[in-house]
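The sequence shown begins at 126 in the working numbering and counts up one residue at a time.
Ideal Cβ placement from N, Cα and C applies to all residues, glycine included.
Predicted model only: the values in this text are computed from it and were never measured.
Worksheet for the structure shown next.
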Amino acid sequence: MGLTFDMDVCDPYAWKKLPGYAVPAKNHLTQRDGGLRTAWSGLVWMNPPFGGRNDIVPWLEKFVEHGNGVGCCWGRTASGWFQDFMPQMQRLVFLRNKKQFVYPNGELCGCAKDGVVLFAKGIKGVTSLGEFSQYGLITNIVERHP
126 MGLTFDMDVC
136 DPYAWKKLPG
146 YAVPAKNHLT
156 QRDGGLRTAW
166 SGLVWMNPPF
176 GGRNDIVPWL
186 EKFVEHGNGV
196 GCCWGRTASG
206 WFQDFMPQMQ
216 RLVFLRNKKQ
226 FVYPNGELCG
236 CAKDGVVLFA
246 KGIKGVTSLG
256 EFSQYGLITN
266 IVERHP
């Protein structure tokens, strides 16, 4: 993305220092640091645990409240959390093809069963996602005024 983030708020690899997996960030919060309990600052990268049905909700709440960064999540457009939170973002990129992720132990997980969406709030994040047109469908969220 051409960015160095101020903070990776949910880095599963920081404690292992796995080469090639690190998000360029000045600070990396691990599960032990408690990304939901720790104050976020500056431009954040958020790739929360892709766990149970609504496990992402507290991460999205904190991301929206913080208002400055880039994140990713499943592209589950019919889910309530997706319908509630994605309209609060300023830019979305629905990535082409399914993405493969890596477990914190370094093992590759199976191919994702759903697509992935990148989302952004704040000028730096929104601008950086504008460079992703070759990777998927970009949408801009427009504020509605009465």
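Residue j beta carbon less than 8 Å from that of residue i
| i | j | result |
| --- | --- | --- |
| Ala245 | Arg216 | yes |
| Lys219 | Gly250 | With the sequence shown as reference, residue 219 is identified as Phe, and Lys is not the correct amino acid for it. Not a contact, by the Cβ cut-off of 8 Å. |
| Cys197 | Leu243 | yes |
| Ile181 | Trp206 | yes |
| Val169 | Phe130 | yes |
Environment of residue i [buried if 16+ CB atoms lie within 10 Å]
| i | result |
| --- | --- |
| Ala150 | buried |
| Gly261 | buried |
| Cys135 | buried |
| Pro174 | exposed |
| Pro183 | exposed |
| Asn193 | buried |
| Gly159 | exposed |
| Arg269 | Because the pLDDT at Arg269 is just 48, under 50, the model does not fix this residue reliably, and the value given afterwards should be weighed accordingly. So Arg269 counts as exposed. |
Nearest-angstrom Cβ-Cβ length linking residue i and residue j, presumed shorter than 8 Å
| i | j | result |
| --- | --- | --- |
| Ile266 | Pro212 | 6 Å |
| Asn152 | Met171 | That pair is no contact at about 13 Å. |
| Lys187 | Leu161 | 6 Å |
| Met126 | Val195 | 7 Å |
For residue i, the first and last residue of its enclosing alpha helix (DSSP H)
| i | result |
| --- | --- |
| Phe188 | 182-191 |
The beta strand (DSSP E) enclosing residue i, as first and last residue numbers
| i | result |
| --- | --- |
| Thr264 | 261-265 |
| Gly196 | 194-199 |
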